Amino acid sequence: MIEIPAGEIVLRDEGTRTNWTVKVDAFRLAPHAVTHELYGTTATASTPVTEVSWLDAVRFCNQLSLREGLALCYSMGDDPDGQDVVCDWAADGYRLPSEAEWEYACRAGTSGVRYGELGEIAWYRENSGGRVHEVGTRAPNAWGLYDMIGNVWEWCWDVYDPEVYGPYRVFRGGGAHDRPRGCRASCRRKSHPTFRIDDLGFRLARSL
Numbered sequence: 001m002i003e004i005p006a007g008e009i010v011l012r013d014e015g016t017r018t019n020w021t022v023k024v025d026a027f028r029l030a031p032h033a034v035t036h037e038l039y040g041t042t043a044t045a046s047t048p049v050t051e052v053s054w055l056d057a058v059r060f061c062n063q064l065s066l067r068e069g070l071a072l073c074y075s076m077g078d079d080p081d082g083q084d085v086v087c088d089w090a091a092d093g094y095r096l097p098s099e100a101e102w103e104y105a106c107r108a109g110t111s112g113v114r115y116g117e118l119g120e121i122a123w124y125r126e127n128s129g130g131r132v133h134e135v136g137t138r139a140p141n142a143w144g145l146y147d148m149i150g151n152v153w154e155w156c157w158d159v160y161d162p163e164v165y166g167p168y169r170v171f172r173g174g175g176a177h178d179r180p181r182g183c184r185a186s187c188r189r190k191s192h193p194t195f196r197i198d199d200l201g202f203r204l205a206r207s208l
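Numbering (full-length UniProt numbering), first residue to last: 1 to 208.
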């Protein structure tokens, strides 16, 4: 995993046209999304796992932590919407990145719409052929992270807007089917924690 330095990020919600600044502690982030090989499925080993819900991703984080003898980040109850899931940010196990961590790592010190030319850094609608590709086959950002834009959307920890959307969780980054507008560092989308689709996966993080 790659160590991401501490810093801060200005997040923006285009729907409400609001900005807010978040301080980000140093943390670790996987260089690419979780693959079928790591997840234990039978599809092409080095492509990102998809058709995984937010709840699936959280459970896998705990399973991988348990497998490696690390402290579990998540405590989970029986709520079908995942509203009783609690994250222990001090635990050394695997977890999803927060939305602020995700965008901060995606930008890697840049301030533009993306961290590079879209066709060089991402698999998206115009070059993907309508399918997800192997991880790490486009150019990385300055911190060595691949596919932060394009290929698959990635679940984050955060609830999108509890007052309006209830338990809906955030996902980021754009996918293989998206036009350029969806493949921006600031682009936010959301869905129910049980939602699954063929260009939505996740990336592992760990606290330091």
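Think of the CB as a built atom: it goes at the ideal place given N, C-alpha and C, for glycine as much as any other residue.
Since this is a predicted model, take the numbers as computed values, not measurements.
>> Just to check my reading of the structure: Val34 and Phe195 have Cβ atoms closer than 8 Å, yes? What is that Cβ distance to the nearest angstrom?
In response: Within the sequence shown, the letter at position 34 stands for residue 34. Within the sequence shown, the letter at position 195 stands for residue 195. Their Cβ separation, rounded to whole angstroms, is 17 Å, which puts Val34 and Phe195 out of contact at 8 Å.
>> If you measure between the beta carbons of Glu37 and Ala205, is that distance less than 8 Å?
In response: One-based indexing of the sequence shown puts residue 37 at position 37. One-based indexing of the sequence shown puts residue 205 at position 205. Their beta carbons are not under 8 Å apart, which means Glu37 does not touch Ala205 by this criterion.
> Between Pro167 and the rest of its own chain, which residues show a CB-CB distance below 8 Å, the 5 nearest in sequence each way excluded?
Replying inline: As a first step, residue 167 must be located in the sequence shown, where it is residue number 167. Around Pro167: Asp81, Gly82, Gln83, Val159, His192 and Pro193.
> For the putative contact between Ala176 and Met148, defined by C-beta atoms under 8 Å, what is the C-beta separation to the nearest angstrom?
Replying inline: Here residue 176 refers to the residue found at position 176 when the sequence shown is read from its first residue. Here residue 148 refers to the residue found at position 148 when the sequence shown is read from its first residue. That belief does not hold up - the Cβ atoms of Ala176 and Met148 are roughly 14 Å apart, past 8 Å.
>> Checking 8 Å against the spacing of the C-beta atoms, do Pro31 and Leu118 come in under that value?
In response: In the sequence shown, residue 31 corresponds to position 31, counting from 1. In the sequence shown, residue 118 corresponds to position 118, counting from 1. No; because the gap between Cβ atoms is not below 8 Å, this pair is not in contact.
> Just the Cα atoms here: how many angstroms apart are Gln63 and Leu70?
Replying inline: Here residue 63 is taken as the residue at index 63 of the sequence shown, counted from 1. Here residue 70 is taken as the residue at index 70 of the sequence shown, counted from 1. Cα-Cα distance, rounded: 10 Å.
>> Using a 10 Å radius around the Cβ and a threshold of 16 neighbouring Cβ atoms, would you call Trp89 buried or exposed?
In response: Residue numbering aside, residue 89 sits at position 89 when the sequence shown is read from its first letter. Its Cβ having fewer than 16 others within 10 Å, Trp89 is exposed.
>> Taking only three categories from DSSP, how would you classify residue 267?
In response: Examination of residue 267 is not possible in this model, given that the chain is present from 1 through 208 alone.
> By DSSP, does Leu96 sit in helix, in strand, or in coil?
Replying inline: Residue mapping note: residue 96 aligns to position 96 of the sequence shown, counting from 1. Correct three-state label for Leu96: coil.
> What are the boundary residues of the beta strand (DSSP E) that includes Asp13?
Replying inline: Taking the first residue of the sequence shown as position 1, residue 13 is located at position 13. It spans Gly7 to Asp13 - the beta strand (DSSP E) in which Asp13 sits, taken as one unbroken run.
>> Only counting the same chain, and skipping five residues up and downstream in sequence, which positions put a Cβ closer than 8 Å to that of Val152?
In response: Taking the first residue of the sequence shown as 1, we reach residue 152 at position 152. These residues qualify, in order along the chain: Ala33, Pro48, Thr50, Val132, Gly173, Gly175, Ala176, Asp199, Leu200 and Gly201.
>> With the cut-off set at 8 Å, would you say Arg28 and Glu3 are in Cβ contact?
In response: Translated into the one-based positions of the sequence shown, residue 28 becomes position 28. Translated into the one-based positions of the sequence shown, residue 3 becomes position 3. It is a contact, given that the beta carbons lie within the stated cut-off.
>> Relative to the C-alpha of Tyr165, which candidate in Cys156, Arg189, Gly182 and Arg181 has its C-alpha closest?
In response: In the sequence shown, counting from the first residue as 1, residue 165 sits at position 165. The residue with the shortest Cα to Cα distance from Tyr165 is Arg189.
> Since Arg59 contacts Arg125 with CB under 8 Å, what's their CB separation in whole angstroms?
Replying inline: Counting from one through the sequence shown, the residue named residue 59 turns up at place 59. Counting from one through the sequence shown, the residue named residue 125 turns up at place 125. 31 Å between Cβ atoms; not a contact.
>> With distance defined between alpha-carbon atoms, name the residue in Trp123, Asn127 and Cys87 nearest to Val135.
In response: Translated into the one-based positions of the sequence shown, residue 135 becomes position 135. Selected option, being the one with the closest Cα: Trp123.
> Which one or two residues does DSSP pair with Leu29 in a beta bridge?
Replying inline: Here residue 29 refers to the residue found at position 29 of the sequence shown. DSSP lists Ile2 and Ala205 as partners of Leu29.
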